[in-house]
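**Student:** Pasting a structure here, questions to come.
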Amino acid sequence: MVKMDCYDEFYDQVYSVGRRFSDEERNRIMTIIQMIPNDVDSLLEVGCGDGRIINNLKNKYENICGMDISNEALKNVKTPKIKGRIENIPFPDNSFDIVLCSEVLEHLPNTIYEKALKELQRVANKYILITVPNEENLQIGNVKCPQCASSFHVYGHLRSFSLLHMKDLFEFFGLVDFEIVLNDVYVLDDLVIKIKKWLKIDIFTFEDAKSCPKCGFTVSHKINGFNNTKKPYLIERLPFQFPMKKSGGWIIALYVKK
Ligand SMILES: [Zn+2]
18 MVKMDCYDEF
28 YDQVYSVGRR
38 FSDEERNRIM
48 TIIQMIPNDV
58 DSLLEVGCGD
68 GRIINNLKNK
78 YENICGMDIS
88 NEALKNVKTP
98 KIKGRIENIP
108 FPDNSFDIVL
118 CSEVLEHLPN
128 TIYEKALKEL
138 QRVANKYILI
148 TVPNEENLQI
158 GNVKCPQCAS
168 SFHVYGHLRS
178 FSLLHMKDLF
188 EFFGLVDFEI
198 VLNDVYVLDD
208 LVIKIKKWLK
218 IDIFTFEDAK
228 SCPKCGFTVS
238 HKINGFNNTK
248 KPYLIERLPF
258 QFPMKKSGGW
268 IIALYVKK
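The numbering used here applies: residue 18 is where the sequence shown begins, and numbers increase by one.
Structural data, given as structure tokens:
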């Protein structure tokens, strides 16, 4: 559970060391952008991070704004921007035709989750576009802080979503379109995860996380040091292809005002 009193600082730390940017994420961003309806003149991105989505839309809309909790993240945003919190969005009702909120909801603590959903609906005039990880097993992302020994999810994810959840996410907006962008994973990955869990070995390490959300402890590490789509060293050297399957990935969901 992310403690509210170091919430902002946690995300400043995350963005001060930089976040990796994979080809797979680039493709996902293109899918998100393609799902924005044509009858939209204004756009707000809530939790825009370092602008990796909204920077692509900079010349497309007259009224565009990126909002984030982290000043460090906003440094890289090239559109108009504002520091703000999802549970108290600093705009009047119906301010933007579409409100985009990508990979934010899974990070929200219970104390603000319901308020955040209400705020997205309040500010959106026509549409809401949401992306979340698809059917994520949160246990797999568990890591332990070497300083305070608390356990937390490697990317700060606090809740998991399925398409079933997404269908009834909002009270005043209904689901009209969705895409599930699946990941390519090795069939063997499931076995490796099972063995590691059996041996009580963490799948991820603290170095894969940016810092500890409880005590703020940070380790220095390379920006692109971790990539979960990278082939393991041994598999890369084998003269045949291991079987792969599609799983996990992300749900991209478009909602329209009822
Ligand atoms: Zn800690």
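All C-beta atoms in this analysis are idealised placements derived from N, C-alpha and C, irrespective of residue type, glycine included.
1. Ends of the beta strand (DSSP E) at His170?
2. Report the rounded CA-to-CA distance for Asp58 versus Asn88, giving the unit in angstroms.
3. So Lys214 packs on Cys162, CB below 8 Å; how close in whole Å?
4. With DSSP as the reference, label Glu42 as helix, strand or coil.
5. Can you name, in chain order, every residue of its own chain whose Cβ lies under 8 Å from the Cβ of Asp110, other than the five neighbours on each side?
6. Reducing DSSP to helix, strand and coil, say where Asn151 ends up.
7. For Asn245, I'd like the list of residues in its chain whose CB is within less than 8 Å of its CB, leaving aside the five on either flank, ordered along the chain.
8. Taking 6 Å as the limit, name every residue whose beta carbon sits nearer than that to some heavy atom of ligand 1, in sequence order.
9. By how many angstroms is the C-alpha of Leu180 removed from the C-alpha of Phe189?
10. Where does Arg69 sit, in a helix, a strand or coil, going by DSSP?
11. Checking 8 Å against the spacing of the C-beta atoms, do Val236 and Phe223 come in under that value?
12. In chain order, what residues of the same chain lie with their CB nearer than 6 Å to the CB of Cys165, ignoring the 5 residues before and after it?
13. Would you give the residue range spanned by the beta strand (DSSP E) that Asp286 belongs to?
14. My output table needs one value for Phe257: the three-state DSSP class, helix, strand or coil.
15. How far does the beta strand (DSSP E) with Lys161 in it reach, from first residue to last?
16. Per DSSP, what kind of secondary structure is Val121 in: helix, strand or coil?
17. Should Asn151 be labelled buried (16 or more other beta-carbon atoms within 10 Å of its own) or exposed?
18. For Val279, tell me which candidate among His182, Glu153, Lys184 and Phe178 has the shortest Cα-Cα distance.
19. Which term fits Met84, buried or exposed, when burial requires 16 or more other beta carbons within 10 angstroms of its beta carbon?
20. Consult DSSP for Met52 and reduce its assignment to one of helix, strand or coil.
21. Please report the straight-line C-alpha distance between Leu91 and Asn73, rounded to a whole angstrom.
22. Closest to Gly101 by CA distance: which of Thr48, Ile268 and Ile86 is it?
23. Which residues in the same chain as Leu125 place their Cβ atom closer than 6 Å to its Cβ, once the five residues preceding and following it in sequence are excluded?
24. Expressed to the nearest angstrom, what Euclidean distance is found between the alpha-carbon atoms of Asn241 and Glu120?
**Tutor:** Based on what the coordinates show:
1. Along the sequence shown, one-based indexing puts residue 170 at 153. Element bounds for His170: Ser168 to His170.
2. Numbered from its first residue, the sequence shown carries residue 58 at position 41. Numbered from its first residue, the sequence shown carries residue 88 at position 71. Taking the straight line from one Cα to the other gives about 26 Å.
3. Your numbering for residue 214 matches position 197 in the sequence shown. Your numbering for residue 162 matches position 145 in the sequence shown. Between Cys162 and Lys214 the Cβ distance is about 20 Å, and since that is not below 8 Å, they are no contact.
4. Locating residue 42 in the sequence shown gives position 25, counting from the first residue. Helix, per DSSP.
5. On the sequence shown, residue 110 is found 93 positions in, with the first residue counted as 1. Around Asp110: Arg139 and Val140.
6. Against the sequence shown, residue 151 aligns to sequence position 134. DSSP places Asn151 in strand when its eight states are reduced to three.
7. Here residue 245 refers to the residue found at position 228 when the sequence shown is read from its first residue. Residue confidence for Asn245 is low, a pLDDT of 44 falling below 50, so the modelled location carries little weight and cannot support an answer.
8. Cys162, Gln164, Cys165, Ser167, Cys229, Lys231, Cys232 and Phe234
9. Start at 1 with the first residue of the sequence shown, and residue 189 comes out as number 172. Start at 1 with the first residue of the sequence shown, and residue 180 comes out as number 163. Their backbone Cα atoms lie some 18 Å apart in a straight line.
10. Here residue 69 refers to the residue found at position 52 of the sequence shown. Looking at Arg69 - three-state DSSP - the assignment turns out to be coil, as it is neither helix nor strand.
11. On the sequence shown, position 219 is the one that residue 236 refers to. On the sequence shown, position 206 is the one that residue 223 refers to. Yes, Cβ-Cβ distance for Val236 and Phe223 is below 8 Å.
12. Locating residue 165 in the sequence shown gives position 148, where the first residue counts as 1. The residues Lys231 and Cys232, in chain order, have a CB closer than 6 Å to that of Cys165 in the same chain once the five nearest residues on each side in sequence are set aside.
13. The chain is shown from 18 up to 275; residue 286 falls before or after that span and cannot be answered.
14. The residue labelled residue 257 in the question sits at position 240 within the sequence shown. Residue state for Phe257 is assigned as coil, using DSSP reduced to three classes.
15. As a position in the sequence shown, residue 161 is number 144, starting the count at 1. The continuous beta strand (DSSP E) containing Lys161 extends over residues Asn159 to Lys161.
16. Position 104 of the sequence shown holds residue 121. DSSP places Val121 in coil when its eight states are reduced to three.
17. Along the sequence shown, read from residue 1 onward, the residue named residue 151 stands at position 134. It counts as buried.
18. No information on residue 279 is available, as it lies outside the stretch 18 to 275 that the chain covers here.
19. For the purposes of this step, residue 84 is taken as residue 67 along the sequence shown, with counting starting at 1. When all chains shown are included, Met84 counts as buried.
20. Position 35 of the sequence shown, counted from the first residue, corresponds to residue 52. It is coil, neither helix nor strand.
21. Indexing the sequence shown from 1 puts residue 91 at position 74. Indexing the sequence shown from 1 puts residue 73 at position 56. Near 15 Å, if we compare the C-alpha coordinates of Asn73 and Leu91.
22. For this step, residue 101 is matched to residue 84 along the sequence shown. Minimum Cα distance to Gly101 is reached at Ile86.
23. Residue 125 sits at position 108 when you count from the first residue of the sequence shown. Only Ala133 meet the Cβ criterion.
24. Locating residue 241 in the sequence shown gives position 224, counting from the first residue. Locating residue 120 in the sequence shown gives position 103, counting from the first residue. The predicted position of Asn241 is uncertain, since its pLDDT is 42 and thus under 50; no value can be drawn from it.
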